[in-house]
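S.K.: I'd like to ask you about the structure that follows.
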Amino acid sequence: MDKHTTRLRRARKTRARIADLKMVRLCVFRSNNHIYAQVISAEGDKVLAQASTLEAEVRDTLKSGSNAEAAAVVGKRIAEKAKAVGVEKVAFDRSGFQYHGRVKALAEAARENGLSF
Numbered sequence: 521m522d523k524h525t526t527r528l529r530r531a532r533k534t535r536a537r538i539a540d541l542k543m544v545r546l547c548v549f550r551s552n553n554h555i556y557a558q559v560i561s562a563e564g565d566k567v568l569a570q571a572s573t574l575e576a577e578v579r580d581t582l583k584s585g586s587n588a589e590a591a592a593v594v595g596k597r598i599a600e601k602a603k604a605v606g607v608e609k610v611a612f613d614r615s616g617f618q619y620h621g622r623v624k625a626l627a628e629a630a631r632e633n634g635l636s637f
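Numbering (my numbering), first residue to last: 521 to 637.
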């Protein structure tokens with residue numbers, strides 16, 4: 521198996537576990553150039569809040585969208601947006617990515633700004 525296939529397999533297992541819990545999830549995706557976060561409803565049919573390094577406000581303040589500093593900014597923004605729509609408790613869906621580097625920075629920033637998972 522290649523890296524992409526194994527990551528998707530890990531993501532599928534995690535999402536199945538989160539679906540059994542029937543919780544709102546904070547889903548993270550990272551590409552080589554950007555990082556994206558979405559708060560998805562418990563049913564999985566609606567995006568309640570989203571933030572990424574592609575947003576104009578974020579892009580203007582950062583030099584690069586692909587580092588831990590950028591991930592921390594996105595984590596802070598997603599926490600603020602989630603709290604604005606009334607979501608405080610989420611399940612963290614790292615989409616099969618390892619919990620270190622940018623994914624970890626986003627998660628810690630979201631926790632510091634009021635999301636619990």
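A virtual CB, placed ideally from N, CA and C, is assigned to each residue, including glycine.
Remember, predicted model here, so these are calculated numbers, not experimental data.
#1: Can you have a look at residue 622 and say buried or exposed, based on whether 16 or more other CB atoms are within 10 angstroms of its CB?
#2: Could you spell out the range, first to last residue, of the beta strand (DSSP E) harbouring residue 659?
#3: Relative to the alpha-carbon of residue 577, which residue among 563, 588 and 597 has its alpha-carbon at the smallest distance?
#4: Based on the DSSP output, what are the partners of residue 613 in its beta bridges?
#5: Give the C-beta separation of residue 607 and residue 555 to the nearest angstrom, bearing in mind that I take them to be a contact with Cβ-Cβ under 8 Å.
#6: Using the C-alpha atoms, what's the distance from residue 618 back to residue 545?
#7: Give me the Cα-Cα distance between residue 539 and residue 563, rounded to the nearest whole angstrom.
#8: May I have a chain-ordered list of the beta strand (DSSP E) segments no shorter than 3 residues that lie completely inside the region 543-600?
M.R.: Here's the rundown:
#1: As a working note, residue 622 is residue 102 in the sequence shown. By the neighbour-count rule (16 or more Cβ atoms within 10 Å), residue 622 is buried.
#2: Lying outside 521 to 637, the shown extent of the chain, residue 659 is not represented and no answer is given.
#3: Here residue 577 refers to the residue found at position 57 when the sequence shown is read from its first residue. For the residues 563, 588 and 597, the minimum Cα distance to residue 577 belongs to 597.
#4: Here residue 613 refers to the residue found at position 93 when the sequence shown is read from its first residue. The partner list for residue 613 (beta bridge, DSSP) reads 547.
#5: For this step, residue 607 is matched to residue 87 along the sequence shown. For this step, residue 555 is matched to residue 35 along the sequence shown. Contact doesn't hold; Cβ gap of about 20 Å is too wide.
#6: Stepping through the sequence shown from its first residue, residue 545 is reached at position 25. Stepping through the sequence shown from its first residue, residue 618 is reached at position 98. If you take the alpha carbons of residue 545 and residue 618, they lie about 17 Å apart.
#7: Along the sequence shown, read from residue 1 onward, the residue named residue 539 stands at position 19. Along the sequence shown, read from residue 1 onward, the residue named residue 563 stands at position 43. Straight-line Cα distance between these residues: approximately 8 Å.
#8: 545-550, 555-560 and 567-572
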